[in-house]
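A.B. asks: Take 0 as the starting number for the sequence shown in numbering that gives the first Met the number 0 and just add one per residue.
Even glycine gets a Cβ: it sits at the ideal position worked out from N, Cα and C.
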Amino acid sequence: MALSVFDLFKIGVGPSSSHTVAPMRAAYRFVEVLQQRRDLEKVKQIKIYLYGSLSSTGIGHATDKATLLGLMGNDPETINISASDLTLERDLKSKILKIAGIHPIPFDVNQDMLFIDEALPYHPNAMKIIALDQQDNEVYANTYYSIGGGFILDESHIDQGSFIEDKTQIPYPFQSAKELLALCKKHQCSISHLMLENEKSWRTETEIRAKIIEIWHVMQACIQSGLQHDGILAGGLNVKRRAKSIHQRLLRKEHTNLIATTFNAMEWVNLFALAVNEENAAGGRVVTAPTNGAAGIIPAVLSYYVNFSEDESEETIVKFFLSAAAVGILCKLNASISGAEVGCQGEVGSACAMASAGLAEILNGTPDQVEHAAEIGLEHNLGLTCDPVGGLVQIPCIERNAIAAVKAINAAQMALNGDGQHYVSLDKVIQTMKETGKDMSDKYKETSKGGLAVNSIEC
Ligand code: SF4
């Protein structure tokens, strides 16, 4: 089983990796198959069924819109967000869906897209797409599972485990943090160096570096876009975008004493995270890191470092992403990064651990210290539930990213103050996250049926 840094960091659109990016990707793949089989022309009708969490919070997470955009031939990485939104709006009004952007069929979203209030056995996030011909015969059908972080799995692959197995042979395979640390020790190298050697199994070093820098640039553009927009986020909760006004206030501020300076640094971290997550909630261009709901933590922590150290060298950026990805891989392999599977601990907790590890690495932490930083980052997110109000990725998600980004910096700092030795290992915390997620009621797993989603609604 091999996972790449680019499985953890993917360019996509908001507001959710599992409920927006993955459904768009699944629908896009569905259309690709129709075209490969030369069946597109036969299709006269499409039926879409959304199950479990995709049904419960699908409207708030824009699953409906994302699925239709995918069927229209849009891929999350390359979609022109504003232009395609306009096309979709126009087509839905005239009850037409242009499959692959070229094949129009009648489509009534109220009749042809069904939200089913039950989960399929394999995974809480499931969707089925059926293409029918003029005589109502099935042309092609498939069921897709959105398994977190934008990963999808179709019916034919569920026997392969939690995701499609990549059989690439990497030089330094690891399944646990213990194995990762042993490899670093044996080869006298850092976590980022070991990850880089593994990544070379898929791409050249030049390509890896270029792709990481591209991802960093998209994150920075997302922050900048978040700093330029204000107003109210769509969805009905009337959540005000704050990043722009906080930014303007911070630019005017002068600090003269230690407490103010400390607060100042923290305010910038908060700001970067808020900017990304407001942009995500608005359906903008974001990088899943490792999910969209938790997309603000890693850019906020790296932006904090870059801004306050003035070190934005390629080497630093690349090391940060590689070591963060090593921790994300461990969370994905041994527990989950999906809020629908294990609650928010899997999304925000994993992102916090990844950011802590990245920061500890670029601050010259030893592999033991980096593992400790990740462990602290994840341990103090254990049990975190997913209860988005109104099914929107706004409350508690936006602020939660800011809090976790600050926590990640604190975790790295605590780990760097030690020698890497500690009581609870990262492996044990990941195992605990998995078991806690199993015991967690479905109410707290991205269904908006419990917690803040229920208690904060005023009658
Ligand atoms: S509460 Fe956490 S897991 Fe749930 S949607 Fe928000 S960020 Fe994602």
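Return yes when the C-beta of Gly-282 is under 7 Å from any heavy atom of the ligand SF4, and no when it is not.
C.D. replies: Flag unset: Cβ of Gly-282 not near the ligand SF4.
A.B. asks: With C-beta atoms as the reference, is Val-405 less than 8 Å away from Asn-306?
C.D. replies: Cβ distance not < 8 Å, so Val-405 and Asn-306 don't count as in contact.
A.B. asks: Tell me the residue span of the alpha helix (DSSP H) that contains Phe-114.
C.D. replies: Looking at the DSSP string, Phe-114 is not in any alpha helix (DSSP H); the run it does join, the beta strand (DSSP E), is 112-115.
A.B. asks: Based on the DSSP output, what are the partners of Gly-11 in its beta bridges?
C.D. replies: Val-285, per the DSSP bridge assignment.
A.B. asks: Report yes if the CB atom of Ala-401 is closer than 8 Å to the CB atom of Gly-376, and no otherwise.
C.D. replies: Cβ distance not < 8 Å, so Ala-401 and Gly-376 don't count as in contact.
A.B. asks: Would you mind working out which of Leu-2, Gly-295, Thr-142 and Lys-9 sits nearest Phe-29, comparing C-alpha positions?
C.D. replies: Nearest of Leu-2, Gly-295, Thr-142 and Lys-9 to Phe-29, Cα basis: Thr-142.
A.B. asks: Assuming Ala-176 contacts Leu-329 (C-beta within less than 8 Å), just tell me the rounded distance between them.
C.D. replies: With 8 Å as the limit, Ala-176 and Leu-329 qualify as a contact, their Cβ atoms being about 6 Å apart.
A.B. asks: For Cys-458, count neighbouring Cβ atoms within 10 angstroms of its own Cβ and tell me buried if that reaches 16, exposed if not.
C.D. replies: Confidence at Cys-458 is low in this model, with a pLDDT of 47, below 50, so the placement of that residue should be treated as unreliable; the coordinate-derived value is given next. With fewer than 16 Cβ atoms within 10 Å of its Cβ, Cys-458 is classed as exposed.
A.B. asks: Sorted by chain position, which residues of the same chain lie with C-beta nearer than 6 Å to Ile-211's C-beta, five sequence neighbours on each side aside?
C.D. replies: Once the five neighbours on either side are set aside, the close Cβ partners of Ile-211 are Val-317 and Phe-320.
A.B. asks: Determine the contact status of Asp-397 and Glu-277, defining contact as a CB-CB distance below 8 Å.
C.D. replies: Asp is not the amino acid found at residue 397; the sequence shown has Ile there. Against a cut-off of 8 Å, the Cβ pair of Glu-277 and Ile-397 comes out as a contact.
A.B. asks: Assuming Ser-335 and Thr-56 make a contact with CB atoms under 8 Å, what is their CB distance in whole Å?
C.D. replies: Actually they do not touch by this definition, with Cβ atoms about 17 Å apart.
A.B. asks: Identify, in the order they occur along the chain, each residue of the same chain with its Cβ nearer than 7 Å to the Cβ of Arg-241, setting aside the five sequence neighbours on each side.
C.D. replies: If we look at Arg-241 and ignore the five residues flanking it on each side, its Cβ neighbours are Leu-273.
A.B. asks: Can you name, in chain order, every residue of its own chain whose Cβ lies under 8 Å from the Cβ of Leu-113, other than the five neighbours on each side?
C.D. replies: Here the set comprises Lys-46, Ile-47, Tyr-48 and Leu-49.
A.B. asks: With which residues is Leu-96 paired in a DSSP beta bridge?
C.D. replies: DSSP output for Leu-96 lists Ile-104 as bridge partner(s).
A.B. asks: Could you spell out the range, first to last residue, of the alpha helix (DSSP H) harbouring Leu-236?
C.D. replies: First-last for Leu-236: undefined, no H or E at that position.
A.B. asks: In whole angstroms, what is the alpha-carbon distance linking Gly-282 and Thr-205?
C.D. replies: Those two C-alpha atoms are separated by around 31 Å.
A.B. asks: Work out the CA separation of Lys-92 and Leu-301 for me, nearest whole Å.
C.D. replies: Roughly 43 Å separates the two Cα atoms.
A.B. asks: Pop quiz: Leu-180 and Tyr-171 are said to be a contact at Cβ under 8 Å. What is the actual Cβ separation, rounded to whole angstroms?
C.D. replies: Wrong, their Cβ atoms sit about 12 Å apart, outside the cutoff.
A.B. asks: Ala-410 by DSSP, collapsed to three states: which one?
C.D. replies: Note: Ala-410 maps to helix in three-state DSSP.
A.B. asks: Below 7 Å, is the gap between the Cβ of Val-392 and the nearest heavy atom of the ligand SF4?
C.D. replies: Under cutoff, so the answer is yes.
A.B. asks: Since Ala-452 contacts Asp-386 with CB under 8 Å, what's their CB separation in whole angstroms?
C.D. replies: Indeed, because the Cβ distance is near 4 Å, the residues count as touching under 8 Å.
A.B. asks: Leaving out five residues before and five after Ser-16 in sequence, what residues of the same chain have Cβ atoms less than 6 Å from its Cβ?
C.D. replies: Here the set comprises Gly-148, Gly-149, Thr-287, Thr-290 and Asn-291.
A.B. asks: Specify the secondary structure class of Ser-312 as computed by DSSP and reduced to three states.
C.D. replies: Looking at Ser-312 - three-state DSSP - the assignment turns out to be coil, as it is neither helix nor strand.
A.B. asks: Say yes only if the C-beta of Gly-148 is nearer than 7 Å to one or more non-hydrogen atoms of the ligand SF4, and no if none qualify.
C.D. replies: Not under cutoff, so the answer is no.
A.B. asks: If you draw a straight line from the C-alpha of Ala-411 to the C-alpha of Val-32, how long is it?
C.D. replies: The straight-line gap from Cα to Cα measures roughly 45 Å.
A.B. asks: Excluding the five sequence neighbours on either side, which residues of its own chain have a C-beta within less than 6 Å of the C-beta of Ala-372, listed in chain order?
C.D. replies: Within the same chain, Ala-372 has close Cβ partners Ser-355, Ala-356, Ala-359, Ala-410, Ala-411 and Ala-414.
A.B. asks: Under the three-state reduction of DSSP, which class applies to Cys-385: helix, strand or coil?
C.D. replies: In the structure shown, Cys-385 sits in a strand (DSSP, three-state: E or B).
A.B. asks: Quickly, what does DSSP pair Asn-109 with across the bridge? List them, please.
C.D. replies: Asn-109 is not bridged to any residue.
A.B. asks: Going by CA-CA distance only, name the one from Lys-437, Gly-417 and Asp-74 that's closest to Ala-25.
C.D. replies: If we check each option's Cα against that of Ala-25, Asp-74 comes out closest.
A.B. asks: Using the DSSP secondary-structure output, state which residues sit across from Asn-141 in a beta bridge.
C.D. replies: Asn-141 pairs with Ile-128.
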